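Each remark here refers to the structure printed beneath this line.
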Amino acid sequence: MIYLDDILIYLDNMFEHCWYIKKVLNHLYKAGLYAKAEKYEFHSELVEYLEYILSPSNLTMFDNKVKTG
């Protein structure tokens, strides 16, 4: 068993979004890999991913990664 992290699926269409989630999880299962459900968030409007903050309308970096001046 392997724990996988950093899988991100985004689509505007909710039906397609759910279809792709099922497809990805099925591919992981067929490969003998598993995603731990309690470590994932489904249907979120705001996601922190690889030191970025993603939303349907915006992509920003974490404040501590941006230097000014």
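One gets my numbering by counting positions in the sequence shown from 1 and adding 1 to each.
Glycine is no exception: its CB is placed at the ideal position from the N, C-alpha and C atoms.
Quantities reported herein were computed from a predicted structural model and do not represent experimental measurements.
Residues near residue i by beta carbon distance below 6 Å, same chain, minus five either side
i      : result
Met-15 : none
Span separating the alpha-carbon of residue i from that of residue j
i      : j      : result
Ile-22 : Thr-61 : 24 Å
Tyr-35 : Asn-27 : 10 Å
Lys-24 : His-44 : 16 Å
Gly-33 : His-18 : 23 Å
Own chain partners of residue i with C-beta closer than 8 Å, once the 5 adjacent residues on each side are dropped
i      : result
Ile-54 : Leu-47, Val-48, Leu-60, Thr-61, Met-62 and Phe-63
Tyr-50 : Asp-7 and Leu-9
Asp-13 : Pro-57
Glu-42 : Val-48
Helix, strand or coil at residue i according to DSSP, with G and I counted as helix
i      : result
Pro-21 : Checking the displayed sequence, the identity of residue 21 turns out to be Tyr instead of Pro. In the structure shown, Tyr-21 sits in a helix (DSSP, three-state: H, G or I).
Tyr-30 : helix
Glu-46 : coil
Residue interval of the beta strand (DSSP E) (run including residue i)
i      : result
Leu-60 : 59 to 62
Ile-54 : 53 to 56
beta-carbon residue i near the ligand ATP non-hydrogen atom, thresh 8 Å
i      : result
Phe-43 : This structure does not include the ligand ATP; it has no bound ligands of any sort.
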